[in-house]
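Okay, so the sequence shown: first residue is 77 according to my numbering, each after it adds one.
All C-beta atoms in this analysis are idealised placements derived from N, C-alpha and C, irrespective of residue type, glycine included.
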Amino acid sequence: MTKSIVCLQKLSHRQQDLIRDAAPGYTLTLGDGKTPDLAQLAEAEIVIGWGKGISDTLLSAESPLRWVQTWSAGVEKLPLAAMENKGILLTNASGVHAEPITAVIFGFMLLFTRNLHTAVRNQLNRKWHSEGSESELTGKTAVIAGTGSIGSETARIAKAFRMTTIGVSRSGKPAEGFDEVYTTDRLQDAVSQGDFLINTLPLTDETRLMFGADIFAACKQSSYYINIGRGATTDTQALMDALNSGHLAGAGLDVFETEPLPGDHPLWGMEQVVITPHCAGVTDRYADRVVEIFTENMKSYLKSGTPSRNLVDYSRQY
């Protein structure tokens, strides 16, 4: 009996061939996450991606679904409890974003240290001016919340700028590229040492609103906050209060509690804030990297029945 893989994302012919080569005995069908074909999904053993309105079909008692490979690193929007109860294997796209997101993180840091964000505004007004407050990354300390693929890549690049790197993770285990790693319950101790606080964390019950008034108050005076993780990990009002008081010198934000960020939101008018529209992970190499993860996992799935890479722990939600 032929088994079915349904992909809800666009794939090139080369990417389709790579999946078919890794999955002998399976058919590959391309669907559309925006207008999914429920009849196709009802026969799927493996689904790549996700879409609105497909949960009932995929989680029905008759569904043969055994494995979902998401197109994103975050899985908080999926029906995790129901998937766990049904014994569905879930793998995410963690690792795909490390290079492009790290580039955005350093883009933010370089903008702030060299006052390039104000230089762009001055250029628009044909204004030749510098406050003379330019600095550099050398000797600065980056506190990176999350020591996964993005955090580790950020720490690695930070060493090229001769920065000190402090990681924060649940385990507090030493990680390559970090001078020290603190446990999450010592987040306040960690942030007190940082010139930059970089949030790369996923959204879970544990991380929701983790970055609030107490954390920003503990931050080093005139430090910067960068969030490329998930918007709901941050109390936006507390962040704005810290920025307005001058305790934080600025913020680079790619993610927000409400997306798109409403046009009348005060953050838009804050000159010490640089905003990108949740695009830090976007890259023309994205699909290639997800397909690489999937094909590696497919080989393991065929051998052992379990994907070997990026298997989500439902108890941790990542």
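- Bridge pairing for residue 241: 218 [DSSP].
- Positions of the alpha helix (DSSP H) runs, each at least 4 residues long and wholly inside the stretch 119-191, are given as 131-134, 156-161, 174-189 in order along the chain.
- Straight-line measurement puts the Cα of residue 94 at about 23 Å from the Cα of residue 113.
- For residue 388, the three-state secondary structure derived from DSSP is coil.
- Residue state for residue 235 is assigned as helix, using DSSP reduced to three classes.
- Separation of residue 133 and residue 118 (C-alpha to C-alpha, rounded to the nearest whole angstrom) is 6 Å.
- The closest CA to that of residue 82, considering only 373, 294, 103, is found on 103.
- Check the Cα spacing between residue 143 and each of 89, 342, 376: the tightest is with 376.
- Listed as beta-bridge partners of residue 326 by DSSP are 300.
- Taking residue 257 as reference, the option from 108, 187, 248, 162 with the minimal CA-CA separation is 248.
- DSSP places residue 377 within a helical segment (H, G or I) once states are collapsed to three.
- Rounded to the nearest whole angstrom, the C-alpha separation of residue 347 and residue 238 is 28 Å.
- Here residue 137 is not near residue 80, since their CB atoms are 8 Å or more apart.
- Here residue 216 is buried. Its C-beta has 16 or more other C-beta atoms within 10 Å.
- Less than 8 Å divides the Cβ of residue 311 from the Cβ of residue 287.
- Rounded to whole angstroms, the gap between the alpha carbons of residue 365 and residue 89 is 15 Å.
- Within the same chain, 275, 310, 329, 331 come within 6 Å of residue 303 by CB-CB distance, once the 5 residues on both sides are set aside.
- Residue 306 and residue 343 have their alpha carbons spaced roughly 16 Å apart.
- In this structure, the beta-carbon distance from residue 263 to residue 308 does not fall below 8 Å.
- Leaving aside the five residues that flank residue 92 on each side, the residues in its chain whose CB is nearer than 7 Å to its CB run, in chain order, 104.
- Scanning 168, 226, 163 for the CA closest to the CA of residue 147 turns up 168.
- Around the CB of residue 178, 16 or more other CB atoms lie within 10 Å, so the residue is classed as buried.
- The Cβ-Cβ distance between residue 122 and residue 173 does not fall below 8 Å.
- Residue 333 and residue 100 have their C-alpha atoms some 43 Å from each other.
- Assigned with DSSP and collapsed to three states, residue 332 falls in coil, not helix or strand.
- Taking 8 Å as the cut-off, the Cβ atoms of residue 341 and residue 295 do not count as close.
- If you check the CB distance, residue 337 and residue 301 do not come in under 8 Å.
- Rounded to the nearest angstrom, the gap between the Cα atoms of residue 127 and residue 108 is 8 Å.
- Excluding five sequence positions before and after residue 367, the CB atoms of its chain that fall closer than 6 Å to its own CB belong to 91, 94, given in chain order.
- Within the model, the alpha-carbon separation for residue 188 versus residue 145 is close to 37 Å.
- Every beta strand (DSSP E) of 3 residues or more that sits fully in the stretch 333-358 is shown, in chain order, as 349-351.
- Straight-line spacing of the CA atoms in residue 193 and residue 158 works out to 45 Å.
- Annotated three-state conformation of residue 102 is strand, per DSSP.
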